[in-house]
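Have a look at the structure below before the remarks.
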Amino acid sequence: MSTSIARACANIALVKYWGKRDARLNLPAAGSLSLTLDALVTTTQVTFDAGLAGDELVLDGAPATPGELARTSAFLDLVRAAARMTARARVVSRNEFPTASGLASSASGYAALAVAAVAAAGATLSARQLSILARRGSGSAARSVFGGFVRMHAGAPARNSEDGLDDDSRAFAEPLASPLTERVRMVIAVIGGGAPKAHGSRDAMDHTAATSPLYRAWLDLVPHDLAAAEVALAAGDLEQLGAIAEANAFAMHASALAARPAVVYWQPATLAALAAVRALRAAGTPAWATMDAGPHVKVLTTAGHAGAVAAALRAVAGVTDVSIAAAGGPAAVVHEGRLS
Ligand code: PMV
Numbered sequence: 199m200s201t202s203i204a205r206a207c208a209n210i211a212l213v214k215y216w217g218k219r220d221a222r223l224n225l226p227a228a229g230s231l232s233l234t235l236d237a238l239v240t241t242t243q244v245t246f247d248a249g250l251a252g253d254e255l256v257l258d259g260a261p262a263t264p265g266e267l268a269r270t271s272a273f274l275d276l277v278r279a280a281a282r283m284t285a286r287a288r289v290v291s292r293n294e295f296p297t298a299s300g301l302a303s304s305a306s307g308y309a310a311l312a313v314a315a316v317a318a319a320g321a322t323l324s325a326r327q328l329s330i331l332a333r334r335g336s337g338s339a340a341r342s343v344f345g346g347f348v349r350m351h352a353g354a355p356a357r358n359s360e361d362g363l364d365d366d367s368r369a370f371a372e373p374l375a376s377p378l379t380e381r382v383r384m385v386i387a388v389i390g391g392g393a394p395k396a397h398g399s400r401d402a403m404d405h406t407a408a409t410s411p412l413y414r415a416w417l418d419l420v421p422h423d424l425a426a427a428e429v430a431l432a433a434g435d436l437e438q439l440g441a442i443a444e445a446n447a448f449a450m451h452a453s454a455l456a457a458r459p460a461v462v463y464w465q466p467a468t469l470a471a472l473a474a475v476r477a478l479r480a481a482g483t484p485a486w487a488t489m490d491a492g493p494h495v496k497v498l499t500t501a502g503h504a505g506a507v508a509a510a511l512r513a514v515a516g517v518t519d520v521s522i523a524a525a526g527g528p529a530a531v532v533h534e535g536r537l538s
């Protein structure tokens, strides 16, 4: 029997991942860029035990659904294949999030699972290999292997490429150094009490790619936003980064809204929170909004303004919880404690 525990922080994309080019390998159709957040943490313990008849999964203290277990088991099969082992595993995972659900738990979840499972299997992988592995669980998880600002490469094979890499090993994330890393905060406004989302990101992005007349335009936009965001990060230009992030989130949602039938994540309180962010900005506060596959609004701002932004969001009817996150660190093995 061998046990390892790992901890990973979720991340919020500033340039979104929305669409795959390969469902089996979970290869993204475009790159993305995110900020790993210290307030959204998953801790996962993996125990490989030759005596187990099948994999087991306990999520936040309760046995997982058959669907969740099947997805985790398929992911563990990748680790077993890499480590040439057959033992089944018991996985115990706990999210320390502002509220129960509706935030980016698949990112921290699969990053923590990848790190814990590889360590428990006695294998050693580089951070890049861990990112590639985590991507197989969830596209955004590839970014949660790293701390701070992170760039995910789509990894589309270059024609006549001579680097010897296959498609799978080109789609990885890596950290981006920026003078903004210490300065930024993300204020997370939970809307609707964190109820489970109506459309999972996996199905909704496939549906957008298959039916939205705006999907092509979305894919054409992403490389431009990525390039501009990288320039802003390198220059420490928060105004520029925030403007790109907000516009990119609206473009992602526009592509989803134009799918047939539409994928609509927003609730009335989402629009009210977005209006509050525009009002803050009009009054001179640096604040830019982003939204993912759910109704919640996350606001990029500075450490100095985060308190005022949080207060403004708390005053919005329908906002049920507000928390402030700073840049989080990379996923890592934890050497103390046990989850079960
Ligand atoms: O990695 P997934 O399947 O959870 O998809 C993430 C999708 C978004 O959160 C909407 C965007 C992103 O880049 O994180």
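The opening position of the sequence shown corresponds to residue 199 in our numbering, with each subsequent residue numbered one higher. C-beta atoms are modelled at their ideal positions from N, C-alpha and C, and glycine is treated no differently.
Query - Where ALA298 falls: helix, strand or coil (DSSP) - result: Confidence is the limiting factor: at ALA298 the pLDDT is only 43, short of 50, which leaves the residue's position unreliable and the question unanswerable from this model.
Report task. For THR488, name the three-state secondary structure that DSSP assigns. Result -> strand
Query raised in the report: Which term fits GLY492, buried or exposed, when burial requires 16 or more other beta carbons within 10 angstroms of its beta carbon?
Result: buried
Query raised in the report: With ALA315 and ALA339 assumed to form a contact (beta carbons below 8 Å), what rounded beta-carbon distance in angstroms separates them?
Result: Not a contact, Cβ separation roughly 12 Å.
Query raised in the report: Whose C-beta lies closer than 6 Å to the C-beta of GLY307 among residues of the same chain, with five residues either side of it excluded?
Result: THR240
Query - Assigned secondary structure, VAL514 (DSSP; H/G/I helix, E/B strand, else coil) - result: coil
Query - Classification of GLU437 by the beta-carbon crowding that lies within 10 angstroms, buried from 16 upward - result: exposed
Requested in this report: Indicate whether ALA467 and VAL475 have their beta-carbon atoms separated by less than 7 Å.
Outcome: no
Query - Start-to-end residues for the beta strand (DSSP E) that takes in ALA460 - result: Unbroken run through ALA460: none, as it is neither H nor E.
Query raised in the report: What's the C-alpha gap between ALA432 and MET283?
Result: 43 Å
Query raised in the report: I think VAL495 touches ALA471, with their Cβ atoms under 8 Å apart; what is that distance to the nearest whole Å?
Result: 4 Å
Query raised in the report: Is there contact between the stretch 242 to 261 and the stretch 370 to 377, where contact requires at least three CB pairs shorter than 8 Å?
Result: no
Query - Inter-residue spacing [alpha-carbon to alpha-carbon] between HIS351 and CYS207 - result: 20 Å
**Report entry** Cβ-heavy atom distance, ALA206 to the ligand PMV, below 6 Å
**Finding:** no
Query raised in the report: Closer than 6 Å: is that where the CB of LYS218 sits relative to any heavy atom of the ligand PMV?
Result: no
Query raised in the report: Hey, how far is the Cα of SER299 from the Cα of GLY527?
Result: Bear in mind that the predicted position of SER299 carries a pLDDT of just 47, short of 50, making it unreliable; the figure below should be weighed with that in mind. If I take the Cα positions, the gap works out to 21 Å.
Requested in this report: Locate the alpha helix (DSSP H) running through GLU266, then write down its first and last residues.
Outcome: 264 to 281
Query raised in the report: Are the Cβ atoms of LEU417 and ALA228 separated by less than 7 Å?
Result: yes
Requested in this report: Pick out whichever of THR500, LEU212 and SER410 has its Cα sitting closest to the Cα of ALA457.
Outcome: SER410
Query raised in the report: Looking at the structure shown, is SER521 part of a helix, part of a strand, or coil, going by DSSP?
Result: strand
**Report entry** Spatial neighbours of ALA452 in its chain, beta-carbon cut-off 8 Å, leaving aside the 5 residues before and after
**Finding:** LEU412 and TRP416
Query raised in the report: Expressed to the nearest angstrom, what Euclidean distance is found between the alpha-carbon atoms of VAL497 and ALA248?
Result: 46 Å
Query raised in the report: Taking the C-alpha atoms as reference points, what is the distance between ALA287 and GLY353?
Result: 31 Å
**Report entry** CA nearest to the CA of GLY320, picked from ARG341, ARG278 and ALA443
**Finding:** ARG278
Query - Local conformation of GLU437 per DSSP, three classes - result: helix
Query raised in the report: Does the ligand PMV have even one heavy atom less than 6 Å from the beta-carbon of TYR215?
Result: yes
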